[in-house]
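Worksheet: the structure to be examined is printed underneath.
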Amino acid sequence: MKTFSYNGSAEQFIEIFDYVEVHREEATITRAEHEPTVVMPLSEYESLRETMYLMSSPANARRLMDSVARLEQHIHKTGAVSLSESISNALG
0 MKTFSYNGSA
10 EQFIEIFDYV
20 EVHREEATIT
30 RAEHEPTVVM
40 PLSEYESLRE
50 TMYLMSSPAN
60 ARRLMDSVAR
70 LEQHIHKTGA
80 VSLSESISNA
90 LG
């Protein structure tokens, strides 16, 4: 995650937004005497929120982790080189 020290210019906002969009990662913005702020792509934020929701229930989190473990075993057993290949093989 890259950190930008905000100087108040509109041009710098464009630089920050372009960085976030191109690199698909968060950027921290610092300002004197203010708490740092994080900027991230909306799709990444929505994905993070969905993951937090899915993992908020212990029973659901356990089911998800069990599914991941089964998928990892399948990948290891079949020698699949990608997640999509492994899913395709598992679904027939």
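By numbering that gives the first Met the number 0, the letter at position 77 of the sequence shown is numbered 76, and the numbering carries on one by one without gaps. Idealized CB from N, CA, C, for every residue including glycine.
Query                                                                                            : Result
Extent of the continuous alpha helix (DSSP H) to which residue 60 belongs                        : 57-77
Own chain residues within Cβ distance below 7 Å of residue 15, not counting five before or after : 3, 26, 28 and 38
Beta carbon of residue 40 nearer than 8 Å to that of residue 20                                  : yes
Coarse secondary structure for residue 26, derived from DSSP in three states                     : strand
Top-ranked residue by Cα proximity to residue 6, from 32, 51 and 44                              : 32
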